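Residue numbers (this note's numbering), protein chains in the order written: chain A, 3 to 135; chain W, 3 to 93.
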Amino acid sequence: MNDILIYITSGLGALFVLLAAIGTLRMPDQYLRISVNTKAATLGVGLLLTASALFFLDLSVTTRVIAVIIFIFITAPVSAHLIGRTSYFIGNKLWENSYIDDLKGKYNKSTHELKGLNKRKNNEEETESKSES
Amino acid sequence: MNIHDFLYYIILPILSVSSLLVFVRFFKGPSIIDRVVALDLLITIGIGIIAIYSILSDTPTFLDISLVLALIAFLGSVAFAYYLEKRNKNE
């Protein structure tokens, strides 16, 4: 029973890692590559680590494996978001067939702040100065 | 086919082939963002290889190294993103 679970988890994990690698090679755009990397590789490595936890069936090993999985699941979206944001500011173009750019015109290109935030800040300053005067 | 043979002859070759494919993207990558993403994915595949190798050699101590590698991958990509954005701002 345990062996069958190890076969299933390690096989699925290797399959997802292979899919992530093929996606990183074949996707046409930086943003799509970041997306593939984050989703597929995180799930694949989580399954591979689960396979090793199932093999040892020991409390200390299981604790370590759960710590690694939780760490990866927390940090992968954060780093993907940061890299995607930087890639948008550096000026990498979207793929020619993806025609929706939700961030277009919403970022201040020189200070890297959201324009809505800036406007709100200015409004607050104006209201403060009015109330002071 | 017992579990040792399965891991040794099927899973490890799949992981090696996928790390080779990521290496191609790492050398080809048109922009520096591609290289950072490929490096992140390489380290992540390394964590998976360590997990399988700890089963094969029956030493669970190797899993500590995977924790350190996960930390290094996160720190590396965050530092790259931070300084690339700074460089763009100053220019």
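Where is the CB? At the ideal position from N, CA and C, for every residue including glycine. Predicted, not measured: the structure shown is a model, and the values here were computed from it.
Around the beta carbon of Phe57 (chain A), a 10 Å sphere encloses 16 or more other beta carbons of the protein chains shown; the residue is thus reported as buried. DSSP links Tyr109 (chain A) through a beta bridge to A:Leu116. A straight-line Cα-Cα distance of about 33 Å links Val38 (chain A) and Asp60 (chain A). For a Cβ distance threshold of 9 Å, nothing in chain A lies close to Phe29 (chain W): the least Cβ distance comes to about 11 Å.
Scanning its chain for C-beta atoms nearer than 8 Å, with the 5 sequence neighbours on each side dropped, one finds around Phe18 (chain A) the residues Ala42, Ala43, Leu45, Gly46, Leu49, in chain order.
With a contact defined as Cβ atoms closer than 8 Å, Leu65 (chain W) and Ala53 (chain W) qualify at about 7 Å.
Non-local beta-carbon contacts of Ala78 (chain A) in its own chain, meaning distances under 6 Å to residues more than five positions away in sequence, involve Thr40, Thr44 in chain order. Taking 4 residues as the minimum length, the alpha helix (DSSP H) runs contained wholly in the region 10-42 of chain W are 14-30, in order along the chain. The contact set of Ile10 (chain A) on chain W, defined by CB atoms closer than 7 Å, is empty, because the minimum CB distance reaches about 11 Å. Excluding sequence positions up to five before and after Ala40 (chain W), its CB lies within less than 7 Å of the CB of Val24, Arg27, Phe28, Gly31, all in the same chain and listed in chain order. Nearest in C-alpha terms to Ala22 (chain A), of all of A:Thr11, A:Leu34, A:Ser12, is A:Leu34. Between the beta-carbon of Ile92 (chain A) and that of Ile12 (chain W) there is about 40 Å, and that puts the pair past the 8 Å contact cut. In the structure shown, the three-state DSSP call for Ile102 (chain A) is coil. In this structure the region 63-70 of chain A touches the region 60-80 of chain W; the number of beta carbon pairs closer than 8 Å is three or more. The C-beta of Ser20 (chain W) comes closer than 8 Å to at least one C-beta of chain A. Counting along the chain, the unbroken alpha helix (DSSP H) around Thr44 (chain A) starts and ends at 32-58.
Proximity of Ile68 (chain A) to chain W, defined by a Cβ-Cβ separation below 8 Å, is not satisfied.
Its Cα nearest to that of Ile74 (chain A), the residue W:Ile49 stands out among W:Ile49, W:Tyr84, W:Phe8.
Relative to Lys108 (chain A), the option among A:Arg87, A:Ile36, A:Ser100 whose CA is nearest is A:Arg87. Boundaries of the alpha helix (DSSP H) harbouring Thr88 (chain A): 61-92, taken from the DSSP string. Closest option to Gly15 (chain A), judged by alpha-carbon separation, among W:Ile47, W:Met3, W:Arg37: W:Ile47.
In summary, the residues of the region 55-70 of chain W whose CB is separated from some CB of chain A by less than 8 Å are Ser56, Ile57, Pro62, Leu65, Asp66, Ser68, Leu69, in the order they occur in the chain. Taking a contact as a CB-CB distance under 8 Å, the pair Leu51 (chain A) and Ile71 (chain A) counts as one, their CB atoms being some 6 Å apart.
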